[in-house]
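A short write-up of the structure that comes next.
Residue numbers (our numbering): 1383 to 1535.
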């Protein structure tokens, strides 16, 4: 894949376009909805998309806590991303600064740092909720879509 400006759309959300290329294209598209799919295994055991008899409680109560998981998804990715940037890679690239463009513009427009931070966190949280609710439930892991361990159809 060639780099282009569209990859920075992903970085605005605080998720890493660099990691996304690996986890989504190389894992999910090669092994969709199987135990080798990183996008499935990364949410285990909190959210269970593969059929399992061993955890009926978690499987049947996920509707209670999954909205919270969806809301904080981008925040947890940001913590992982910047921990990797500062402690593992120890190099700060342009794509690592992209998430701070929107709050910088908001701050220059308002001049009020607490309000800017509050609304930026709200934007990230709502974006995370919408992304995860649609991406996990509707697009990739709807009950009608085949998952590893399902009965043959």
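Beta carbons are placed, not taken as given, at the ideal position from N, Cα and C, and that holds for glycine.
Beta-carbon proximity of residue i to residue j, cut-off 8 Å
{"i": "residue 1506", "j": "residue 1456", "result": "yes"}
{"i": "residue 1473", "j": "residue 1485", "result": "no"}
{"i": "residue 1417", "j": "residue 1429", "result": "no"}
{"i": "residue 1415", "j": "residue 1528", "result": "yes"}
{"i": "residue 1409", "j": "residue 1401", "result": "no"}
{"i": "residue 1510", "j": "residue 1447", "result": "no"}
{"i": "residue 1478", "j": "residue 1467", "result": "yes"}
Cβ-based burial, residue i [other Cβ within 10 Å; buried from 16]
{"i": "residue 1424", "result": "exposed"}
{"i": "residue 1481", "result": "buried"}
{"i": "residue 1419", "result": "buried"}
{"i": "residue 1463", "result": "buried"}
Nearest candidate by alpha-carbon position, reference residue i, set the options
{"i": "residue 1483", "options": "1386, 1427, 1395, 1494", "result": "1395"}
{"i": "residue 1530", "options": "1386, 1413, 1385", "result": "1413"}
{"i": "residue 1397", "options": "1447, 1446, 1427, 1461", "result": "1461"}
{"i": "residue 1441", "options": "1450, 1427, 1451", "result": "1427"}
{"i": "residue 1502", "options": "1488, 1511, 1493, 1492", "result": "1488"}
Three or more C-beta pairs under 8 Å: does that hold for the segment 1502-1520 against the segment 1404-1417?
no
Measuring CB atoms only, is the segment 1441-1456 touching the segment 1383-1394, in the sense that at least three cross pairs come out at less than 8 Å?
no
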